[in-house]
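Below is one structure, written out as structure tokens, with a few remarks after it.
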Amino acid sequence: MLTLIYAHPYPLHSRVNRALRQAVEDLQGVRMRDLYALYPDFHIDAAAEQAALAESQIIVLQHPMRWYHTPALLSLWFEKVLAYGWAYGHDPAGQRVQALQGKRLLWTVTTGGAQAAYSRDGYNQHTVHEMGAPIRQTALYCGMEWLEPHIVYGTGQLDTVTLAEAARSYRGRLVELLEAAA
Ligand SMILES: Cc1cc2nc3c(=O)[nH]c(=O)nc-3n(C[C@H](O)[C@H](O)[C@H](O)COP(=O)(O)O)c2cc1C
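Structure below.
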């Protein structure tokens, strides 16, 4: 099972994340959790989120970049769902817990900035991989395997053909992960 955590604050305005999502949501073994649809009031059901993660070998976080990090609801999701006594720390009996240990995490992010802008010499001065350090470190702290991020750059410049190719490539990536987990 692959759980895809989808976080787009304005899904009706989305072009790129919508296309990526549509390319994978019919895959067998993919379960979509659209955070902004599930929790428009930001009251995240942590137990439901944890149950979905517990059943999955692969977890995908998909979102547009927002001021160099995640949309606000995904940030809150980390706080509420990756809780002490479940994702890390100890249970009431004093046993060490790490519910996500060994699961594979794929970070899928789309950026308005072109790839060249995400470099030492570009106007963003850092790579997207560097921007993702807190997410990577969170995954590692929870005992997860960090996969090479899936990045779609320069979303404003993607023509229809390139966008369709990006969507196909995303589907191929998730198929590979599902096959490896089977
Ligand atoms: C409030 C806001 C903040 C944004 N911050 C960034 C950013 O930090 N870096 C970047 O490359 N693009 C940024 N963008 C551009 C979005 O990432 C881009 O529009 C999105 O990836 C396109 O995907 P979509 O068609 O699914 O919305 C931002 C856009 C908005 C509206």
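Numbered according to our numbering, the sequence shown terminates at residue 438, and the numbering increases by one at each position without gaps.
Glycine included, C-beta positions come from ideal geometry on N, C-alpha and C.
All of these numbers come straight from a predicted model, not from anything done at the bench.
- Listed as beta-bridge partners of GLU401 by DSSP are ARG360.
- The residue among TYR262, ARG271, LEU317 and ALA263 with its C-alpha nearest the C-alpha of THR416 is ARG271.
- A distance of 9 angstroms or more separates the beta carbons of THR259 and PRO320.
- With contacts defined by Cβ atoms closer than 9 angstroms, ASN273 and TYR324 do not form a contacting pair.
- Distances from the CB of HIS382 to the heavy atoms of ligand 1 are all 8 angstroms or more.
- Restricting attention to HIS299, TYR344, GLN371 and ALA349, the CA atom closest to the CA of GLY410 is found in GLN371.
- Residue state for ARG271 is assigned as coil, using DSSP reduced to three classes.
- Each residue's CA atom was taken as its position, placing THR383 and SER331 some 20 angstroms apart.
- Comparing C-alpha distances from GLY345 to each of LEU403, ALA279, ALA436 and CYS398 shows the shortest one belongs to CYS398.
- Each residue's CA atom was taken as its position, placing VAL280 and MET257 some 13 angstroms apart.
- With respect to LEU362, LEU430 sits close: the two C-beta atoms are nearer than 9 angstroms.
- Measuring C-alpha to C-alpha distances from HIS299 to each of TRP333, ARG376 and GLU421 identifies TRP333 as the nearest.
- For GLN306, the enclosing alpha helix (DSSP H) covers residues 302-310.
- Scanning GLN284, TYR295, LEU317 and PRO296 for the CA closest to the CA of ILE407 turns up LEU317.
- Taking C-beta atoms as the reference points, LEU434 and GLN278 fail to come closer than 9 angstroms.
- When secondary structure is reduced to three states using DSSP, MET257 falls in the coil class, being assigned neither helix nor strand.
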